[in-house]
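Asks:
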Ligand SMILES: *[C@@H]1O[C@H](CO)[C@@H](O)[C@H](O)[C@H]1NC(C)=O
Ligand SMILES: *[C@@H]1O[C@H](CO)[C@@H](O)[C@H](O)[C@H]1NC(C)=O
């Protein structure tokens, strides 16, 4: 029992240290008109020198009082592309975002982890989604790095960069 407690405490300590080490780069802000004419501002962040799988990403965003990023409209998707392009020299791989599928291989039945259904036609990468077991979403660069497209990824798979967000009401 003492041993288990020790493992539990060291695990907590380790996560704490690990999280406190992460610095985030603010990659940009957009203004959004929400319900009832309220305007809010959404800022996207990418951890600097840190990668994790989709599940790590969800945990880490929330442990910094951020949300795991969601792109609720095509406007938000269009806005994030130039932001990602500006930091491309540092992050050339894919980025996890909070999209998640409840049904394997569903092309148009995806949700943000906040529970909101993705309402637009998702700009999937060619041939994606392509797996029964990949239910978590990532953004991936096109071959010439001009655009990002959506990919279905293994939730507990490869460590990648990821995107968190903060929303503030005006
Ligand atoms: C990049 O690739 C896309 C699709 O393959 C193409 O439409 C676009 O013209 C290319 N852009 C450049 C700058 O090469
Ligand atoms: C997802 O990643 C985990 C961890 O690397 C691995 O064990 C599992 O086999 C992967 N699943 C698929 C479908 O690739």
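Numbering (the numbering used here), first residue to last: 61 to 230.
C-beta atoms are modelled at their ideal positions from N, C-alpha and C, and glycine is treated no differently.
Small disclaimer: the values here were computed from a predicted structure and weren't measured.
1. Got a sec, what are the start and stop residues for the beta strand (DSSP E) residue 229 sits in?
2. Relative to the C-alpha of residue 188, which residue among 216, 94, 212 is closest?
3. Taking the alpha-carbon positions, what's the residue 195 to residue 130 distance?
4. Pull up the distance between the alpha-carbon of residue 101 and that of residue 227, whole angstroms please.
5. How many angstroms separate the CA atom of residue 14 from the CA atom of residue 134?
6. Using the three-state DSSP reduction, which class does residue 130 fall into: helix, strand or coil?
7. In terms of residue numbering, what span does the beta strand (DSSP E) encompassing residue 196 cover?
8. Quick one: is residue 127 near chain D, going by C-beta distance under 8 Å?
9. Report the rounded CA-to-CA distance for residue 146 versus residue 205, giving the unit in angstroms.
10. Write down the C-beta distance between residue 210 and residue 197 rounded to the nearest angstrom, noting that I regard them as a contact closer than 8 Å.
Replies: Per the coordinate set shown:
1. 224–229
2. 212
3. 15 Å
4. 6 Å
5. Since the first and last residues shown for the chain are 61 and 230, residue 14 lies out of range.
6. coil
7. 196–201
8. Within the model displayed, chain D is absent; a lone protein chain is all it includes.
9. 11 Å
10. 6 Å
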